Each structure stands twice: as structure tokens, then as C-alpha cells.
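Going by my numbering, the first residue of the sequence shown is number 380, and it counts up by one from there.
Note that beta-carbon positions come from the ideal geometry of N, C-alpha and C, so glycine has one too.
Keep in mind it's a predicted model, so treat the numbers as computed, not measured.
Quick notes on the structure that follows.
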Amino acid sequence: MNIRRLGRAATALVLACAAAGIHAQSQSQPNWPTRPVRVLVPAPAGSGPDALCRQVTQRLSELLGQPVTPDNRPGASGHVGAEVAAKAAPDGYTALCGASSTFVTTPHLMTKLAYDPNKDLAPVAMLARADLLLIASPSVPADDLPSLIAWIKANPGKVSYASPGIGSNAHLAMEVFKARAGLDIVHVPYNTLPALTDLAAGRVQIMVEPSASATPFVRDGRVKLIAVASPTPVPEFPKARPTNETVPGFEVIGWGGLFVPAATPRPIVDRLALEVHKLLQQKDVRDSFATLGFVPYDMGPDESRRFIRSEYDHWGEVIRSANIRLE
């Protein structure tokens, strides 16, 4: 090959590489979204999770330049909405505002789900966590966790704890407490009944409850705050110590995240994760979360996946040890 032909070949190669680079860049930066995005909310309108998701979708609409609309699909402890999301087209136009129970506890409790949340859905980002408090009836003669444990041990089988239902975060957290502190306590699942009211009246003695709903009862003295069931102190009650300082492993948080069908292209996932990260840095968003009882929980796709796996393994061990089933 002479020099002129070699030059033409080199030029053609450079142009081909440039074209390939442009194509790759266009692939990594998709023209998305070009139409409205639907976010499934597996909770009823007006609930705390619904309010959180609406804050997120409103801000995402502004950041993405397309309407991002919540679509409430409550039922079956969140699995109605999650299943719709799992079976949706993986094109970036359907997402799920999902809760921790869908991904880390219910798969261990129910073996007959019509989908696998951890295989059929992929995390985009964490959104927020809800701190939980360990609270007691005013009649309980204890003001901190060590004195509560001593009182329970002096009254084996006579102390009851409330929860929203079998397999709920609160139930599982109390099973950890029971096992690791060596306690004989009785579970009273309330489902939709007003457990907080019964706690205040002394019909049950203790429970773990989200900070948002427990705080008004604590502030006006209707219930006692014993400890923080989350891993770290909460801003509203800085003097309340975390339960894990007294009983290692006794801790729980509720969290919510944004998910998409598993085969959604990674460039779309990354773009959506970036916008979620941006909105979680905004002061008005953080303040709005705080009024709802939530704390921003900023994790991207890969960190979220590792976190969920860790939570899945941990709560699976708890559920198997306590022999808890929902079916």
C-alpha cells in the first residue's frame, strides 16, 4: 500500500471511530423522556407514603421537563402496585415508589407472589427513611430501655406489644428485641385498629411506631418515649438513646425508594437517579420531608442494590428464626 492509500485508510479509520464515538454518546445520553412518566404508588391517596411520593413526582416533573404523575395502586401490602410496575414495559415510562417491606420482608413471608420484586424490579435510588420509636404506656414503670427490660423480666408473659400486623417492620423489630434480650412478651397484631390509642389507655404496654405518628402522643404525654428504634438518635428527641446501644441488633427503619422494571436501560436509570439526587439536596424538599416524618436517604442504583441485599438477608434470618409466615 502506498503512502497516499495509507493516508486515505487512516482517515477513513478516524472517521469511523468518530462516528462510533458519537453513536456511543447518543446511546449513553438517550432522548428521554419524551412523554409523561407514570410512578406507581402502592398506598392510598392521603397516606404518608403517598404524600412523600407526590413531593418527589412534582419535583421530578420540573427537573425532567415532562409530567411525572403518581398512580395510586394500594392493596396486598403494596404488592398490587409493585406487580404492575414489575410487569410494565422497561422503557423508562413506568416507575414504582416502593417501600422496604416489598423488597426485604414480604418475599420471605409469602412464597406465592406472582413476581419476584428483587429480580423483576431494579433500584434507581433511595428516597427517604422513616425513623421509629420504642414507646410505652404511661402506666409502665420504666423510662429507658434497661429499666424496661428489667420490668419485663420481672413480669414474664404479662407484657404485650402492639404492631400494625404480622410481618410488619414493627413486629419483626420486636421479635429481634424479644430474642436478643431474652424476653417473654405477647404480640398483639392490630392491623387497621388504633394501636396508639390502646397503648395510651394501657390496654397494651409497648410498641414500635414511626416517629411521625408517635411524636404527637409523646409530646403531650399520652405515651412514654423509651428509646429510638432507629440506628442513630433522631433530631426531635436528641436525648433518647438508640435501642441498639442496649440490645445489639435491635434496630429498624422504614424506607422508600424509586424502582423501575429490571430491564430498563442503564442510561435511563442513571439519568433518573441523578435527578433524584438533585432534588434530595434541595432545602425545601428536605423541609417538606421532615414535616411528613421522613429523612432524605440519598443512595444511587448500585449502593441501593447492596443496601437492599443486606436488609433482605438480615430480615430473612429474623423471619426464619421466629418462624413467621403469612401463608
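Test item: CB-CB of residue i and residue j under 8 angstroms
i	j	result
Ile514	Glu630	no
Gly707	Ile703	Coverage of the chain is limited to positions 380 through 706, which leaves residue 707 absent and any answer about it impossible.
Cys476	Val555	no
Val648	Val503	yes
Ala641	Pro469	yes
Val639	Leu527	no
Val607	Leu578	no
Ala474	Leu637	yes
Asp523	Ile585	no
Leu575	Ser590	no
Pro449	Pro423	no
Ile632	Arg508	yes
Gly427	Leu658	no
Asp563	Pro525	no
Phe673	Leu431	yes
Pro627	Arg559	yes
Start-to-end residues for the beta strand (DSSP E) that takes in residue i
i	result
Ala449	Looking at the sequence provided, one finds Pro at residue 449 rather than Ala. Element bounds for Pro449: Val447 to Asn451.
Lys532	Not the beta strand (DSSP E): Lys532 falls in the alpha helix (DSSP H), residues Leu524 to Ala533.
Arg508	Leu500 to Ala509
Pro568	Ile564 to Pro568
Three-way DSSP call (helix, strand, coil) for residue i in this model
i	result
Arg650	helix
Pro421	coil
Ile703	coil
Ala579	helix
Arg633	It should be noted that the sequence gives Gly, not Arg, for residue 633. It is a strand residue.
Val483	helix
Gln434	helix
Pro520	coil
Thr413	coil
Ala492	The question names Ala, yet the displayed sequence has Leu at residue 492. It is coil, neither helix nor strand.
Ser426	coil
Lys662	helix
Ala464	helix
Pro595	helix
Asp470	coil
Ser609	coil
Pro627	coil
Leu392	In this prediction, Leu392 has a pLDDT of 44, which is less than 50 and means its spatial position is unreliable; what the coordinates show is noted afterwards. It is helical.
Pro573	coil
Gly536	coil
Burial state of residue i, where buried means 16 or more other Cβ atoms lie within 10 Å
i	result
Pro486	buried
Pro543	buried
Thr594	buried
Glu462	buried
Pro621	buried
Asp599	exposed
Asp510	buried
Gln660	exposed
Glu654	buried
Thr516	In the sequence as displayed, the identity of residue 516 is Ser instead of Thr. Buried.
Ser609	buried
Lys537	exposed
Lys771	A query on residue 771 cannot be resolved here, the shown segment of the chain reaching from 380 to 706 and no further.
Ser689	exposed
Opposing strand residues paired with residue i [DSSP bridges]
i	result
Ile698	Note: Ile698 sits in no beta bridge, so no partner.
Met586	Ile514 and Ala541
Leu604	Ile514
Gly373	No statement about residue 373 is possible, as the shown extent of the chain runs from 380 to 706 and does not include it.
Arg645	BP columns for Arg645 are empty, so no partner.
Leu475	Leu419 and Phe638
Val674	Arg508
Contact test: residue i Cβ vs the ligand COA heavy atom, cutoff 7 angstroms
i	result
Gly457	In the structure shown, the ligand COA is absent, as is every other ligand, since no ligand is present at all.
Element boundaries [alpha helix (DSSP H), containing residue i]
i	result
Lys618	No alpha helix (DSSP H) holds Lys618; DSSP gives it neither H nor E.
Lys557	Asn548 to Ala560
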